[in-house]
Every structure is written in structure tokens, then in C-alpha cells.
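Right, one structure below, let's go through it.
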Amino acid sequence: MKNWQPMGLALALVVGLWLGRGCGAWESGQDPSRGRSFHEHLGGSGDQARLMNVLHRIEDLYVDTFDRTLLVDVAIEAMLDELDPHTVYFSGEELASMSENMEGNFEGIGVEFLIQQDTLMVVTAIPGGPSEKAGIRAGDRIVAVEGVPISGPELDNSRVMKLLKGPRGTEVNLGIDRRDAMLQVHLIRDRIPIQSVVASFMLEEEVGYVKAIRFAANTAEEFEGALFSLAAQGATSLVLDLRGNGGGYLNAVVDMLDLFLDEGQTMVYTEGKSSPRRNYISRHQGPYSDWPVVVLVDEGSASASEIFAGAVQDNDRGLVVGRRTFGKGLVQEEFPVPGSGALRLTVARFYTPTGRAIQKPYEAYEEDFDVRLASGELYHADSMPLVDSLKYITPMGREVFGGGGIAPDVFVAWDSTGTSGWVSEWIWTGVLRDAVFSWMDRHRSDLESCHAVRDIESLGAWSNDVLAVVREEAERGGWSWRNPDGEEEAKLRHRFLAQVVRTLWGESASYEVLMDGDEAVARALHALTEESNFTQANGAVSLNPTTLEFNPNNDSHGF
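The working numbering puts the first residue of the sequence shown at 343, with every later residue one more than the last.
And the structure:
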């Protein structure tokens with residue numbers, strides 16, 4: 343039964359779409375995006391007749407009634423499963439949810455929250471949002487909305503969203519429990535920014551650090567603002583952390599690269615069967631073209647992250663440090679599907695300036711991490727799948743490789759012990775998060791007097807109470823507990839401290855804690871402070887031709 347069902351549903355869908363395309367741009371039988379008639383899309387009248395016949399038979403004679411909308415949704419998925427992994431269909435709801443992240447804002451009251459013991463707890467009030475302006479702060483419990491109590495076992499994320507999100511300008515009244523004192527807060531919902539650049543600070547006297555987690559509509563603007571601030575603090579070089587950044591808008595990465603390249607340098611180009619080659623060229627000498635740059639990447643860096651890393655590498659502009667990137671180099675265009683959602687269709691591939699295809703093969707796509715782990719690639723540079731037939735040469739004569747993803751100039755092995763299994767268990771179960779919140783709630787008055795990380799670590803409660811609170815939360819959740827060894831306790835406290843700092847002073851401050859002791863950051867700093875790696879000419883910085891010539895001790899991939 344399963345063998346025929348996807349094809350049958352797909353056939354029904356195609357005919358259903360043909361019957362429903364009688365208005366708008368499709369009225370003349372032309373696809374406005376590609377200039378082909380719909381009959382050509384179907385492959386001729388023979389295919390059309392077969393599809394029509396199948397649909398008529400199903401609708402006229404099928405033994406049971408069926409949900410046509412559900413049938414269409416399943417049919418769409420069946421068709422797209424035959425294509426690449428990134429051609430996808432989104433429902434209207436899914437599209438709206440993704441648009442919030444990528445457009446860089448949503449409308450609501452502006453809080454990050456968690457549900458703890460059936461109660462809505464404020465983790466932080468988003469800076470500039472209505473909640474922060476009204477004085478709502480971390481640790482507050484929202485217990486009522488419009489006079490109606492909301493705490494209880496039925497409270498979940500979906501219900502919270504329905505209660506608190508809403509159009510800009512609408513009003514909502516909240517009941518706040520703050521250390522046993524009840525407050526009534528009146529808010530007017532507003533547009534809330536979603537940050538893409540979540541951290542920027544000075545690593546050393548002249549080295550700035552920026553962490554970007556996506557390439558959204560506002561990312562380039564945020565990024566330029568972060569660079570301006572770092573320059574004002576004395577930065578003259580940059581570590582850009584794109585680890586775990588799954589990509590986003592092409593325009594965002596192009597605008598960011600424009601800040602670092604000379605005029606006329608290729609950033610990336612796209613090309614596909616029905617999409618002629620399009621080159622993206624830097625428009626002027628970037629204001630930060632004299633800054634040495636290191637880009638941090640890993641197996642979670644994809645798409646726009648790979649475009650940035652590939653452009654830096656192929657133009658000999660800086661160094662890429664970490665592990666081989668994911669290998670997502672496909673260009674999607676979004677086409678609205680009337681009355682339902684949108685089709686995100688792959689129409690071209692991305693190529694780096696030297697001509698490397700970023701896209702990896704589709705085989706074992708979802709098992710990519712496990713494949714890398716089994717092959718040893720996460721631990722050893724010489725286990726990366728670099729093929730001589732896919733070798734390319736940069737302007738300075740360095741060898742770079744295609745075949746999927748961007749291989750780093752400096753390899754940093756995956757630290758499987760960086761967070762032990764014992765610590766990871768409490769992170770992924772939410773125990774650590776809840777324990778941090780409980781600990782901060784108990785010691786709120788002490789924390790209010792803290793102004794730096796060392797102040798937190800000097801508290802008696804930090805020395806005596808952290809492990810006990812984590813154990814309480816673990817046992818409350820039904821998890822078994824064992825006492826940690828010294829290394830495990832140190833790692834737990836490090837993550838615990840970062841979350842406390844995030845709640846008190848924001849995400850950027852928490853990254854300052856997390857980057858302390860980070861091996862990739864340490865390697866990046868070493869590369870930037872090694873003067874022989876970079877040379878300056880005509881007001882712009884580039885790598886020296888001899889930078890990372892092959893040396894078995896440098897853990898490069900063979901430069």
C-alpha cells in the first residue's frame with residue numbers, strides 16, 4: 343500500500359493545482375518566474391490527461407470520503423521528497439513562525455520565559471521592549487492575564503504565546519508575583535527585535551569577538567554596529583564566530599563581506615539549470631579591509647556561514663578555524679502557494695570565488711554528524727574527505743578543496759569531553775536551566791549587589807549551594823543523581839555561571855564566560871597575534887603567501 347500512495351497523492355496534487363490556477367499570474371497559462379507555459383511544466387497533453395483521469399476517478403469513485411486539504415499536503419510532501427533535502431513546503435503557520443526569526447522581529451510584550459512547576463517565569467525582559475520599560479524583570483512570575491489565573495498543569499508554550507503575543511498597539515494587563523508581592527502591570531504590545539548578533543566584546547587588547555547565530559534581515563546592520571563599537575574600544579582585528587550558524591539571507595552575508603574586502607573582489611556566485619550565473623562582487627573598499635580576520639566554523643555552520651568563510655578563504659583575506667562546515671550550498675526561491683503557504687524551491691547552487699561548490703552529496707544527509715564521528719573526521723584533520731580532483735588554488739597560491747563544505751585552515755578537534763556526559767544530561771533535560779532559575783530566585787538580594795563575574799563567585803551561596811540546587815531539581819524531575827568528580831563539577835559550574843550571567847547582564851556577557859577556555863578561540867587568538875600570518879598593502883590586509891604552508895604540527899588540512 344505504501345508504495346503507490348505517495349505517487350498517487352502526488353498525481354492528485356498536480357491535477358488539483360492545475361484546476362485551481364485559474365486566476366492571477368497563472369491565468370494566461372504562463373509561469374511568470376520562468377516564462378514557460380503550464381502545459382510545458384506538465385510535460386505535454388499526455389501527462390496532463392493521465393493526471394486528470396486519476397483525479398476524476400478518485401473524486402468520483404473512491405470508496406470513502408477524504409480530507410482534500412490533507413491529501414494535498416501529503417501529496418506536496420511526497421513530490422518534494424523526490425528532490426533535494428532543502429526544497430520544502432511550508433504551511434501558513436510555519437511560514438509566519440520562520441518569518442519572525444528571519445525578519446528580525448515579532449509583536450508582543452517582550453519577555454523570554456520558561457514554565458517551571460506549572461508557572462510562567464520571566465527569564466529576562468528583552469531590552470527595549472514593553473516589559474522592560476514597565477519594570478518587569480527576571481524572576482517575576484506572570485500568574486494572571488486580564489484578571490484570569492493562568493498557572494496550572496494545562497499551561498504550555500502554545501497557550502503562553504496565545505496569551506502574550508499580539509498585534510502592536512494592543513493592550514494587556516498582567517498579574518505579577520514578585521517574591522510574594524502581587525503587582526498589576528498594564529502593557530501595550532510592540533514590535534520586539536530578535537537579535538542575530540548575540541555577542542560582541544573584546545577578547546584581548548586589540549582583538550574583538552562577534553557571535554552571529556543567523557543571517558537575517560537585520561544581521562548586517564547589527565554586525566556593522568558591533569564592529570563600530572569594537573573599533574571604539576580599540577579593536578584592530580576580529581574573531582567572527584559562526585559555529586552553529588545555519589545560514590539565512592544571501593543579501594545579509596553579502597553586505598557583511600562588503601565590510602572586509604577590496605573593491606571588485608568576488609564574494610560568491612550562483613548558477614543553476616534555469617538560473618544563469620550571477621556574480622556577487624564587492625562594491626568598494628570595505629571600512630574594515632585593514633583588519634585581520636579569523637572565522638570560527640564547525641559542522642553546524644551552513645549556507646550563508648559557508649559563503650562568508652569561503653569568501654574569506656578564497657580571497658586570502660583571513661583564516662578559517664574549526665572543523666569542516668555542513669555543506670549546504672543550494673539557493674532557494676520562495677513561491678507562494680495560494681491560500682496555504684509557500685514552496686521554497688532550489689533553483690541554483692552557490693560557488694565560492696575559486697569555483698568550489700559548497701553543496702555536499704545528498705547521501706546520508708540526516709546522519710551527517712554520525713558519519714563524521716564514525717570516520718574520525720571530528721577528531722583528526724587527515725580524516726576530512728579532501729579529494730585532489732576537487733582542488734582549487736587561491737590568488738596567493740594556496741590549495742583549497744571542494745566536494746562539500748568549507749575545510750578549515752586550522753583544524754580544531756571536537757572536544758567530546760568539553761561538556762561531560764554527566765553535565766550534558768542536566769543541560770538537555772532542562773535541569774540545569776531550572777536549577778539556575780531556582781538558585782537565582784533564592785539569592786536575588788545577594789545578586790543585586792553583584793557587578794562582575796568575580797562578585798558572583800565570591801558569594802557564599804556560590805560555594806555552598808549550587809550543587810545542592812541542581813540535585814534538588816534533578817530529583818524533582820525523577821532523575822537519578824550521583825555526586826560528580828572534580829572535573830565534572832568544574833564544568834557544571836562553568837555552564838551554571840554562564841546562565842546566571844546571561845540572566846543578570848545579557849547574552850553577550852554570558853558568551854564572555856563561555857569563551858573563557860574555548861580551544862577554537864585560543865587558536866584564533868594565536869593566529870591573529872602571529873604577525874607573519876598577515877601582510878598589509880594599499881590599506882588592506884591579506885594573508886602572507888607562506889601562511890600555513892604544510893606543517894604536520896599546525897593541524898591545518900594541508901596548506
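Cβ atoms here follow ideal geometry from the backbone N, Cα and C, with glycine treated the same way.
Classification of residue i by the beta-carbon crowding that lies within 10 angstroms, buried from 16 upward
{"i": "lysine 702", "result": "buried"}
{"i": "histidine 428", "result": "buried"}
{"i": "proline 887", "result": "exposed"}
{"i": "histidine 381", "result": "At histidine 381, the pLDDT of 46 sits below 50, so the modelled position is not reliable; the number obtained from the coordinates is stated separately. Histidine 381 should be labelled exposed."}
{"i": "asparagine 875", "result": "buried"}
{"i": "alanine 882", "result": "buried"}
{"i": "aspartate 498", "result": "exposed"}
{"i": "serine 805", "result": "exposed"}
{"i": "glutamine 655", "result": "buried"}
{"i": "methionine 524", "result": "exposed"}
{"i": "leucine 412", "result": "exposed"}
{"i": "tyrosine 431", "result": "buried"}
{"i": "glutamine 459", "result": "exposed"}
{"i": "serine 473", "result": "buried"}
{"i": "asparagine 912", "result": "What is shown of the chain runs 343 to 901, which leaves residue 912 out entirely."}
{"i": "tyrosine 853", "result": "buried"}
{"i": "phenylalanine 677", "result": "exposed"}
{"i": "tryptophan 633", "result": "buried"}
{"i": "glutamine 526", "result": "exposed"}
{"i": "leucine 885", "result": "buried"}
{"i": "leucine 572", "result": "buried"}
{"i": "arginine 784", "result": "exposed"}
{"i": "alanine 869", "result": "buried"}
{"i": "glutamine 575", "result": "exposed"}
{"i": "glutamate 641", "result": "buried"}
{"i": "tryptophan 770", "result": "exposed"}
{"i": "arginine 410", "result": "exposed"}
{"i": "isoleucine 748", "result": "buried"}
{"i": "phenylalanine 335", "result": "As shown, the chain starts at 343 and ends at 901. That puts residue 335 outside it, with no answer to give."}
{"i": "glutamate 369", "result": "Below a pLDDT of 50, predicted positions are generally treated as unreliable, and glutamate 369, at 29, falls in that range; no measurement from the model is reported."}
CB-CB length for residue i against residue j, believed under 8 Å
{"i": "valine 637", "j": "leucine 582", "result": "5 Å"}
{"i": "valine 920", "j": "alanine 651", "result": "Because the chain in this structure spans residues 343 to 901, residue 920 falls outside the shown range and cannot be described."}
{"i": "phenylalanine 602", "j": "tyrosine 630", "result": "5 Å"}
{"i": "glycine 450", "j": "glycine 508", "result": "6 Å"}
{"i": "glycine 763", "j": "leucine 437", "result": "Between leucine 437 and glycine 763 the Cβ distance is about 38 Å, and since that is not below 8 Å, they are no contact."}
{"i": "glutamate 815", "j": "aspartate 776", "result": "5 Å"}
{"i": "glutamate 648", "j": "glycine 671", "result": "7 Å"}
Minimum C-alpha distance to residue i - residue among the options
{"i": "glutamate 849", "options": "Phe432, Ile555, Ala869 and Arg585", "result": "Ile555"}
{"i": "glycine 802", "options": "Glu817, Glu815 and Trp781", "result": "Trp781"}
{"i": "glutamate 547", "options": "Leu885, Thr871, Ala879 and Gln878", "result": "Thr871"}
{"i": "arginine 521", "options": "Met463, Ile735, Asp807 and Pro535", "result": "Met463"}
{"i": "proline 727", "options": "Ser500, Trp823 and Arg666", "result": "Arg666"}
{"i": "arginine 510", "options": "Gly452, Ile748, Val527 and Ala541", "result": "Gly452"}
{"i": "proline 750", "options": "Leu809, Gly664 and Pro491", "result": "Gly664"}
{"i": "valine 539", "options": "Met598, Phe408 and Leu809", "result": "Met598"}
{"i": "glutamate 829", "options": "Asp858, Val811, Glu435 and Val765", "result": "Val765"}
{"i": "glycine 614", "options": "Tyr693, Gly660 and Ser571", "result": "Tyr693"}
{"i": "arginine 659", "options": "Arg824, Ala879 and Lys475", "result": "Ala879"}
{"i": "glutamine 627", "options": "Asp640, Asp604 and Met609", "result": "Asp604"}
{"i": "leucine 584", "options": "Arg625, Asp730, Glu496 and Ala541", "result": "Ala541"}
{"i": "serine 433", "options": "Leu425, Val416, Glu424 and Val485", "result": "Val416"}
{"i": "arginine 479", "options": "Ser493, Phe455 and Val490", "result": "Phe455"}
{"i": "glycine 470", "options": "Pro491, Ile536 and Leu506", "result": "Ile536"}
{"i": "glycine 739", "options": "Glu861, Ser624 and Thr696", "result": "Thr696"}
{"i": "valine 811", "options": "Thr512, Lys670 and Phe838", "result": "Phe838"}
{"i": "proline 495", "options": "Thr461, Lys504, Met857 and Thr877", "result": "Thr461"}
{"i": "tryptophan 644", "options": "Ser579, Ala594 and Ile700", "result": "For the sequence presented, residue 644 should be read as alanine rather than tryptophan. Checking every option, the nearest Cα to that of alanine 644 belongs to Ile700."}
Residue(s) in a DSSP beta bridge with residue i
{"i": "arginine 686", "result": "Val430 and Glu676"}
{"i": "isoleucine 400", "result": "Note: isoleucine 400 sits in no beta bridge, so no partner."}
{"i": "arginine 620", "result": "Thr612"}
{"i": "phenylalanine 692", "result": "Thr612"}
{"i": "alanine 541", "result": "Lys553"}
{"i": "phenylalanine 753", "result": "Gly664"}
{"i": "alanine 699", "result": "Tyr693"}
{"i": "arginine 483", "result": "Met463 and Asp519"}
{"i": "alanine 879", "result": "Ala882"}
{"i": "isoleucine 478", "result": "Looking at the DSSP assignment, isoleucine 478 forms no beta bridge with any residue, so it has no partner."}
{"i": "serine 579", "result": "Val549"}
{"i": "methionine 524", "result": "Asp519"}
Touching by the beta-carbon criterion (3+ pairs, under 8 Å), the stretch 744 to 759 and the stretch 715 to 731
yes
Indicate whether the contact test is met: 3 or more Cβ pairs, each with one atom in the stretch 545 to 561 and one in the stretch 513 to 524, closer than 8 Å.
no
Validate contact between the stretch 788 to 806 and the stretch 696 to 710 using beta carbons, cut 8 Å, 3 pairs:
no
Cβ contact (3+ pairs, closer than 8 Å) linking the stretch 560 to 569 and the stretch 611 to 624
no
Are there three or more Cβ pairs, one per stretch, closer than 8 Å when the stretch 837 to 844 is compared with the stretch 529 to 547?
no
Any contact of the stretch 736 to 756 with the stretch 792 to 801, i.e. 3+ C-beta pairs under 8 Å?
no
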